[in-house]
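First residue of the sequence shown? That's 173 in the numbering used here, and the numbers climb one at a time after it.
Cβ atoms here follow ideal geometry from the backbone N, Cα and C, with glycine treated the same way.
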Amino acid sequence: MSRRNLILFILAGFLWGIPYLFIKVAVDPQDGFSPAIVVFGRVLIGALVLIPIAIYDKSFFTAIKGWKYIAVYALFEMVGPWILIGTAEQKISSGLAGLLVSSVPIFSTLIASYYGDKTVWQPRRLIGIIIGFLGVFLLVGIESFTGSSDPISILMTLAAALGYAFAVIYITRKMPGVSGVAINGIAMAMTAVFYSPALFFLWPDRAVSANAIYALIALGVFSTGIAFAVFFTVMAEIGPTRASLVTYMNTAFAVVLGVLILSEPLTIGIIVGLPLVLIGSYLASRKASA
Numbered sequence: 173m174s175r176r177n178l179i180l181f182i183l184a185g186f187l188w189g190i191p192y193l194f195i196k197v198a199v200d201p202q203d204g205f206s207p208a209i210v211v212f213g214r215v216l217i218g219a220l221v222l223i224p225i226a227i228y229d230k231s232f233f234t235a236i237k238g239w240k241y242i243a244v245y246a247l248f249e250m251v252g253p254w255i256l257i258g259t260a261e262q263k264i265s266s267g268l269a270g271l272l273v274s275s276v277p278i279f280s281t282l283i284a285s286y287y288g289d290k291t292v293w294q295p296r297r298l299i300g301i302i303i304g305f306l307g308v309f310l311l312v313g314i315e316s317f318t319g320s321s322d323p324i325s326i327l328m329t330l331a332a333a334l335g336y337a338f339a340v341i342y343i344t345r346k347m348p349g350v351s352g353v354a355i356n357g358i359a360m361a362m363t364a365v366f367y368s369p370a371l372f373f374l375w376p377d378r379a380v381s382a383n384a385i386y387a388l389i390a391l392g393v394f395s396t397g398i399a400f401a402v403f404f405t406v407m408a409e410i411g412p413t414r415a416s417l418v419t420y421m422n423t424a425f426a427v428v429l430g431v432l433i434l435s436e437p438l439t440i441g442i443i444v445g446l447p448l449v450l451i452g453s454y455l456a457s458r459k460a461s462a
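This is the structure:
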């Protein structure tokens, strides 16, 4: 990996690790926005960043032909997961949310097996699934039974992770070789349309803090628009397998930033579950060399 790609790789990890912090601040029940408003704001900004890029490189016109597939992708990648995560983060820490989402590779492996990828039964990948689910089980169990976190919010975040896993596999099968920037730009525009009624029905009836406003803007510009553009740039140069490793960096950033900036507690559940989920996800997503 070249120095440039390494820098972009680390940047992608940071940009996709910090959104949990931004979301936590933006949906604060006391002086923030409703989760639906946050989803609308981030996808509107993200679409304004990505669609011009896609139009410039002409990938937009190819992608828009598959709008029906992109609509399904948007449902499972953005419409559902982002409202679930935003709602959950009103009751759980940003670090825990990031950690739970790191289970995506485990779900992806199982879904890929359903679609015919039998390499999931390779010993290393099978061990990874077992370790990963053990980590999730312990994490959920410890956080719930110790009262550290709301169990419903934990399940909502895991449901979002499952949606992420399905969405990527679905769109890859339906629109292979089509620009990820174009697909996600269009998906964000669709999601913005879906959540636009929230502006009228869920706009706060109280003052919103400057921190919540700044967090929403940063979430849209950096962690939605620029993050996707950077990630797909890296993936085009180093390949999807190596690029997928950014998932593990995301989690580390999410937990560390939550502790350092938001003073979130580093609970027993996170300490026990973090290494197991990361190790399990890594092993589950690694195919043996031919």
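By the Cβ neighbour-count rule, W293 is exposed, with fewer than 16 other Cβ atoms within 10 Å of its own.
For A401, the secondary structure class from DSSP, reduced to helix, strand or coil, is helix.
Within a 10 Å sphere around the beta-carbon of K196 sit 16 or more other beta-carbons, which makes this residue buried. Taking L310 as the centre and dropping the five residues before and after it, the same chain places the C-beta of G441, V444, G445, L448 closer than 8 Å to its C-beta, in chain order. The beta carbon of A370 lies closer than 7 Å to those of S206, A208, I209, F212 in the same chain, with the five residues before and after it left out. DSSP, read as helix, strand or coil, puts R214 in helix. The beta carbons of G270 and N383 sit no closer together than 8 Å.
In this structure, L216 places its C-beta atom within 8 Å of the C-beta atom of A364. For I182, the enclosing alpha helix (DSSP H) begins and ends at 175-187. The DSSP-derived three-state label of Y367 is helix. Around the beta-carbon of G349, fewer than 16 other beta-carbon atoms lie within 10 Å, marking it exposed. Here I341 is not near I301, since their CB atoms are 8 Å or more apart. By the CB criterion at 8 Å, A332 and P253 fall inside the cutoff.
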